[in-house]
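Engineer: All you need for the working numbering is the position in the sequence shown, starting with 1, plus 462.
We put the CB at the ideal spot given by N, CA and C, even for glycine.
Provided herewith is a single structure, encoded as structure tokens, for subsequent inquiry.
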Amino acid sequence: MNSTNETEVVLSEYDLIVSMTDVKGFITYVNDVFCEVASFSREELIGKPHNIVRHKDMPKVIFKLLWETLLRGKPISAFVKNATKDGNYYWVKAYVAPVFTEGEITHLTSYRRPVSNFAKQEISKLYKHLKEYEATHSLDETYTYLMEYLKERNISYDQFVDRLASEHSISNADALKIDIDSYYIDHMIFKTNIARSVALGKKDIKVTDSCCCNFGKKLKQLESMPFTSHPLWSQVHHYHNHVHGLMKDYVQRAGEDASKSELEGILSNVDKDTNKLIGTLKNVIDTYVEEGISHE
Ligand SMILES: Cc1cc2nc3c(=O)[nH]c(=O)nc-3n(C[C@H](O)[C@H](O)[C@H](O)COP(=O)(O)O)c2cc1C
């Protein structure tokens, strides 16, 4: 698929690319990692249609599926090959979701994580095939074709993406039945939703205690596992409590009219602690998987 001089920009393990659009697909927010990876400045992206990073190898039908799902109010996972400003490309596994305000979709958010080489190979084959099909068929026909392809495998596109992603990239975590990526993303959604409510000037924002988010609940459930005796396990808890504490500070300081830079500083510490949390969790799990301690 890569017949030109493009070079792949490979995301690092902890990179998280975030963007937000309005309901028409015009970009309203990008994080720093987005700008770095795609080689655009923030000013070049804000207000532009999201197809600014569209890569020619992407089949149209995937975006049709993406938009139809989102506008029905549902989230979707997708593998996307994107183009950088300087003509290179990068692969992401995107989790794209609608954001509701008083029952209406007001924004769409995308959280993107790296893709394993295995998944890139497999998905490239499918996308190449879909592109070829699209060249001689209408978009609706290609859509039917994709649906048939998935039906034969008895899975939805989302499940196909998740299965392919978990196959190699998070094999250790998978062995322990922990989808680390999904907890990471949960926390990022938690953070972005709060920051958005603050930006909209909302008061009475409730920040949950660390035991009340999905990650916290999972930590509780895991307490009887052998790896929780690992000395680093207490650090996982520490970082997790800290992330929630920082978000509480954030809401409080916003209510006290703290400066924009102070608030941004708190959010950047949330990102740092979330990375430390995920890194530590991976370490604990890797140690135990290497030592062959089963989770059964
Ligand atoms: C939140 C959100 C994020 C998106 N991210 C991407 C992206 O990273 N790359 C991309 O090509 N399209 C992305 N899209 C889809 C684009 O809006 C668009 O449908 C796609 O690039 C195809 O463009 P085209 O219809 O002009 O060919 C995103 C859409 C939304 C709502």
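How would you call residue 467, buried or exposed, if buried means at least 16 neighbouring beta carbons within 10 angstroms?
Structural biologist: On the sequence shown, residue 467 is found 5 positions in, with the first residue counted as 1. It counts as exposed.
Engineer: For residue 634, does the three-state DSSP call read helix, strand or coil?
Structural biologist: Taking the sequence shown and counting its residues from 1, the one referred to as residue 634 is at position 172. Residue placement at residue 634 cannot be trusted, given a pLDDT of 43 that sits under 50; the coordinates are not used to answer.
Engineer: Verify whether the separation of the beta carbon atoms of residue 739 and residue 705 is less than 8 Å.
Structural biologist: Looking up residue 739 in the sequence shown gives position 277. Looking up residue 705 in the sequence shown gives position 243. Yes, Cβ-Cβ distance for residue 739 and residue 705 is below 8 Å.
Engineer: Hey, how far is the Cα of residue 678 from the Cα of residue 733?
Structural biologist: Position 216 of the sequence shown holds residue 678. Position 271 of the sequence shown holds residue 733. The alpha-carbon atoms of residue 678 and residue 733 are separated by roughly 17 Å.
Engineer: Cα-Cα, which of 511, 744, 527 and 565 is closest to residue 609?
Structural biologist: Start at 1 with the first residue of the sequence shown, and residue 609 comes out as number 147. Answer by Cα proximity: 527.
Engineer: By DSSP, does residue 475 sit in helix, in strand, or in coil?
Structural biologist: As a position in the sequence shown, residue 475 is number 13, starting the count at 1. Looking at residue 475 - three-state DSSP - the assignment turns out to be coil, as it is neither helix nor strand.
Engineer: Just verifying my parser: in three-state terms, what is the DSSP assignment at residue 744?
Structural biologist: Counting from one through the sequence shown, the residue named residue 744 turns up at place 282. Of the three classes helix, strand and coil, the one that applies to residue 744 here is helix, per DSSP.
Engineer: In angstroms, rounded to a whole number, what distance separates the CA positions of residue 553 and residue 577?
Structural biologist: Here the question's residue 553 lines up with position 91 in the sequence shown. Here the question's residue 577 lines up with position 115 in the sequence shown. Their Cα atoms are separated by approximately 6 Å.
Engineer: Is residue 562 near ligand 1, in the sense that its beta carbon is under 7 Å from a heavy atom of that ligand?
Structural biologist: Within the sequence shown, the letter at position 100 stands for residue 562. False, no ligand heavy atom lies under 7 Å from that Cβ.
Engineer: In terms of residue numbering, what span does the alpha helix (DSSP H) encompassing residue 713 cover?
Structural biologist: Along the sequence shown, one-based indexing puts residue 713 at 251. Its alpha helix (DSSP H) spans residues 695-717.
Engineer: Taking only heavy atoms of ligand 1 into account, decide whether any of them is closer than 7 Å to the Cβ of residue 529.
Structural biologist: Taking the first residue of the sequence shown as position 1, residue 529 is located at position 67. Answer for residue 529: yes, Cβ within range of ligand 1.
Engineer: So, at 6 Å on beta carbons, what are the nonlocal neighbours of residue 559 in its own chain, with the 5 sequence-adjacent residues on each side left out?
Structural biologist: Working through the sequence shown from its first residue, we reach residue 559 at position 97. Hits under 6 Å: 537 and 571.
Engineer: What separation, rounded to the nearest whole angstrom, lies between the Cα atoms of residue 613 and residue 625?
Structural biologist: Numbered from 1 along the sequence shown, position 151 holds the residue referred to as residue 613. Numbered from 1 along the sequence shown, position 163 holds the residue referred to as residue 625. Roughly 15 Å separates the two Cα atoms.
Engineer: Locate the beta strand (DSSP E) running through residue 555, then write down its first and last residues.
Structural biologist: On the sequence shown, position 93 is the one that residue 555 refers to. Counting along the chain, the beta strand (DSSP E) containing residue 555 begins and ends at 551-563.
Engineer: According to DSSP, is residue 534 part of a helix, a strand, or is it coil?
Structural biologist: The residue labelled residue 534 in the question sits at position 72 within the sequence shown. Residue 534 falls in the coil class under three-state DSSP.
Engineer: Residue 478 and residue 495: beta carbons closer than 8 Å?
Structural biologist: As a position in the sequence shown, residue 478 is number 16, starting the count at 1. As a position in the sequence shown, residue 495 is number 33, starting the count at 1. Contact flag set, yes.
Engineer: At a cut-off of 7 Å, is residue 537 close to ligand 1 when judged by its beta-carbon and the heavy atoms of the ligand?
Structural biologist: Translated into positions along the sequence shown, residue 537 becomes position 75. Using a cutoff of 7 Å, the CB of residue 537 does not count as near ligand 1, since none of the ligand's heavy atoms is closer than that.
Engineer: Is there at least one non-hydrogen atom of ligand 1 closer than 7 Å to the beta-carbon of residue 515?
Structural biologist: Here residue 515 refers to the residue found at position 53 of the sequence shown. For ligand 1, at least one heavy atom lies less than 7 Å from the Cβ of residue 515.
Engineer: Here's a check: name, in chain order, each residue in its chain whose Cβ is nearer than 6 Å to the Cβ of residue 631, leaving out the five neighbours to either side.
Structural biologist: Counting from 1 along the sequence shown, the entry for residue 631 is found at position 169. Residue confidence for residue 631 is low, a pLDDT of 40 falling below 50, so the modelled location carries little weight and cannot support an answer.
Engineer: Could you give the distance in angstroms between the alpha-carbon of residue 469 and the alpha-carbon of residue 518?
Structural biologist: What you label residue 469 is simply residue 7 of the sequence shown in a count that begins at 1. What you label residue 518 is simply residue 56 of the sequence shown in a count that begins at 1. The alpha-carbon atoms of residue 469 and residue 518 are separated by roughly 14 Å.
Engineer: Name the residue from 716, 655, 697 and 545 whose alpha carbon lies nearest to the alpha carbon of residue 471.
Structural biologist: Start at 1 with the first residue of the sequence shown, and residue 471 comes out as number 9. Checking every option, the nearest Cα to that of residue 471 belongs to 545.
Engineer: Taking the alpha helix (DSSP H) that residue 505 belongs to, which residues open and close that run?
Structural biologist: Counted from its first residue, the sequence shown places residue 505 at position 43. The continuous alpha helix (DSSP H) containing residue 505 extends over residues 504-507.
Engineer: Of the choices 603, 745 and 623, whose alpha-carbon is the least far from that of residue 583?
Structural biologist: Here residue 583 corresponds to residue number 121 of the sequence shown, with the count starting at 1. Closest by alpha carbon: 623.
Engineer: Comparing alpha-carbon positions, which option in 564, 493 and 591 lies nearest residue 520?
Structural biologist: Counting from one through the sequence shown, the residue named residue 520 turns up at place 58. Nearest C-alpha to residue 520: 591.
Engineer: Would you kindly report the start and end of the unbroken alpha helix (DSSP H) that includes residue 662?
Structural biologist: Your numbering for residue 662 matches position 200 in the sequence shown. Taken as a continuous stretch (DSSP letters only), residue 662 belongs to no alpha helix (DSSP H), as it is neither H nor E.
Engineer: Quick check: is any heavy atom of ligand 1 less than 7 Å from the C-beta of residue 709?
Structural biologist: Looking up residue 709 in the sequence shown gives position 247. No, Cβ of residue 709 sits at least 7 Å from all heavy atoms of ligand 1.
Engineer: Within its chain, find whatever has a CB closer than 8 Å to the CB of residue 535; leave out the 5 residues flanking it on each side and keep chain order.
Structural biologist: Mapped onto the sequence shown, residue 535 falls at position 73. Only 560, 562 and 567 meet the Cβ criterion.
Engineer: Tell me the rounded alpha-carbon separation between residue 727 and residue 588.
Structural biologist: Translated into positions along the sequence shown, residue 727 becomes position 265. Translated into positions along the sequence shown, residue 588 becomes position 126. If you take the alpha carbons of residue 727 and residue 588, they lie about 42 Å apart.
Engineer: Quick check on this structure: which residue in 659, 644, 694 and 533 has the alpha carbon closest to the alpha carbon of residue 557?
Structural biologist: On the sequence shown, position 95 is the one that residue 557 refers to. Out of 659, 644, 694 and 533, 644 has the C-alpha closest to the C-alpha of residue 557.
Engineer: Quick check on the burial criterion: 16 or more other C-beta atoms within 10 angstroms. Buried or exposed for residue 488?
Structural biologist: Here the question's residue 488 lines up with position 26 in the sequence shown. It counts as exposed.
Engineer: Provide the residue span of the alpha helix (DSSP H) that contains residue 586, from first to last.
Structural biologist: Here residue 586 refers to the residue found at position 124 when the sequence shown is read from its first residue. Element bounds for residue 586: 579-598.
Engineer: Does at least one heavy atom of ligand 1 sit under 7 Å from the Cβ of residue 473?
Structural biologist: Here the question's residue 473 lines up with position 11 in the sequence shown. False, no ligand heavy atom lies under 7 Å from that Cβ.
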